[in-house]
Structure formats: structure tokens, C-alpha cells
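In the order they appear, the protein sequences are chains W and S. Each residue of the first sequence is one higher than the one before, counting from 65 in our numbering. Each residue of the second sequence is one higher than the one before, counting from 5 in our numbering. Quick notes on the structure that follows.
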Amino acid sequence: GIQVEQSPPDLILQEGANSTLRCNFSDSVNNLQWFHQNPWGQLINLFYIPSGTKQNGRLSATTVATERYSLLYISSSQTTDSGVYFCAVSTSGTYKYIFGTGTRLKVLA
Amino acid sequence: SAVISQKPSRDICQRGTSLTIQCQVDSQVTMMFWYRQQPGQSLTLIATANQGSEATYESGFVIDKFPISRPNLTFSTLTVSNMSPEDSSIYLCSVESGRKYEQYFGPGTRLTVT
């Protein structure tokens, strides 16, 4: 089955710093989502981005489907950005999402 | 997007017992999904629940251990049966909402088995 790897696995930043999180997948995908899991366990939708680039405030994401990767950019990080970031992918005609390994982010004040 | 609630939000259970988790959505949805997140791990799909049909289970998950009900288009339950400490996890339900294939998640049920 499809493999989804995220890097880095852990990241510590000072407040105000920028960061790039990467999601690599081993096969063609038709759907890709980025989520933020906050310290209470809630999964928050960030982007639905099977291809192209999107921006939402301090966050932006780019997916290059032909090269099988997606990037999540966080600018001017805040302590509330702390948590785990997951990408999840699904292939053609299926609702079944495979989650990546996650990036655990800690932003220090 | 749909608003999803889960009950209970957390529980501590004795081994050998069963717990039923409820998932309620504020709008009608065709498909509901149940995921498990073991401590420090990523999410794994347990099963897909369609209204009016039996749930479809993923490899490694069986109906006897995780029976699912889907009585209508806004509600589903997942039961974790004959629990052991290895079942300690966060259990999350999700639904497709908004654009096709985009999933949203409930707040999760944090289960600890002693």
C-alpha cells in the first residue's frame, strides 16, 4: 500500500520563526489534506490540497502531485501552533485516507 | 463543514469490559469513518460505516472486537469489546463534508484501559 512519510519528525522553534514541513508519498494520490492536532487531541483541518498552492493567513501549502510531495509553510510561528501536523492522502475513487507519520512542533515563547 | 460531537470525551475502563462511543453529526452524511490513534502514533482507519449496510473493516480490525452501528444518516456508534490495555487510544470519528473527499473529525474519545 501507499506509504506516507513526513519530515522532520520533531521540530522546536522560537516564536516568530518560519518553518517548512514536508510530506512524501509513494504513489499517485487524488486527495491530500493537512491537519493540525492540538494538545487536546482535536484534529483541525488546515488545507485540502491535492495539487497547487493555497494560503490561509500565516499558513500556506503546496502540493506537487507529479513529484509526490506536499509542503506546509508556517510563518511567524506562535505558541498556539504547537502540536502535531499530519498529512493524509487517498487514491482514486476511495474515501480511505492514509495518514502520514506526523511532525511534532513545539514553539517556545 | 459539519459539526461533529463524540461521547464520552474520555473514559477509564477495566480490562475485559466494553465501551460504546457515540458520534453525532449536525447534518446528514452518507459515510462515517472510525479511526484509532494509539499513544504517540498516527491515525489508522478502523472501518467505514454506511447507513443501511454493514461496516467495512480494514485489515487488522474485526467486527467482533469493534462492532459498529449506523442507524441513521447523522449517528454512529463504535464499541470496543473485551478491552485490554493495548486498546488504550484516542478513537475519532470523521465524515465527508464540504467538498467531495474532504474529511472532518470529531473531538475524539480518549480511552484508558487499566
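For glycine and all other residues, C-beta sits at the position ideal for the given N, C-alpha and C.
Residue span of the beta strand (DSSP E) that contains N94/W, given as start and end: For the purposes of this step, residue 94/W is taken as the residue at position 30 of the first sequence. Looking at the DSSP string, N94/W is not in any beta strand (DSSP E), and its letter there is neither H nor E.
Looking at the structure shown, is P75/S part of a helix, part of a strand, or coil, going by DSSP? Looking up residue 75/S in the second sequence gives position 71. Correct three-state label for P75/S: strand.
Within a Cβ cutoff of 8 Å, which residues of the same chain sit near S83/W, ignoring the five residues on either side of it in sequence? Here residue 83/W corresponds to residue number 19 of the first sequence, with the count starting at 1. So the list reads L75, L77, Y137, I138, S141, L169, once near-sequence residues are dropped.
Status (buried if at least 16 other CB within 10 Å, exposed otherwise) for N95/W: Within the first sequence, numbered from 1, the residue matching residue 95/W stands at position 31. Counting Cβ neighbours within 10 Å, N95/W comes out buried, since at least 16 surround it.
Contacts that I94/S makes with chain W (C-beta to C-beta distance below 7 Å): Here residue 94/S is taken as the residue at index 90 of the second sequence, counted from 1. Those are G105, listed as they occur along chain W.
Classify G147/W: buried if its beta carbon has 16 or more other beta carbons within 10 angstroms, exposed otherwise. As a first step, residue 147/W is located in the first sequence; it is residue number 83 there, counting from the start. So G147/W counts as buried.
Could you tell me whether the Cβ atoms of D115/S and S93/S are closer together than 8 Å? For this step, residue 115/S is matched to residue 111 along the second sequence. For this step, residue 93/S is matched to residue 89 along the second sequence. The displayed chain sequence assigns Leu, not Asp, to residue 115/S. Their beta carbons are under 8 Å apart, which means L115/S touches S93/S by this criterion.
Name the chain S residues that come within less than 8 Å of Q97/W, Cβ to Cβ? Counting from 1 along the first sequence, the entry for residue 97/W is found at position 33. Per Cβ cutoff of 8 Å: E106, Q107.
Those runs of the beta strand (DSSP E) which lie wholly inside the stretch 116–154 of chain W and span at least 3 residues: 116–120, 123–128, 133–138, 147–154
Taking T60/S and Q28/S to be in contact with their CB atoms under 8 Å, please state how far apart those CB atoms are, rounded to whole angstroms. As a first step, residue 60/S must be located in the second sequence, where it is residue number 56. As a first step, residue 28/S must be located in the second sequence, where it is residue number 24. Between Q28/S and T60/S the Cβ distance is about 21 Å, and since that is not below 8 Å, they are no contact.
Where does D74/W sit, in a helix, a strand or coil, going by DSSP? As a position in the first sequence, residue 74/W is number 10, starting the count at 1. Three-state DSSP puts D74/W in a strand.
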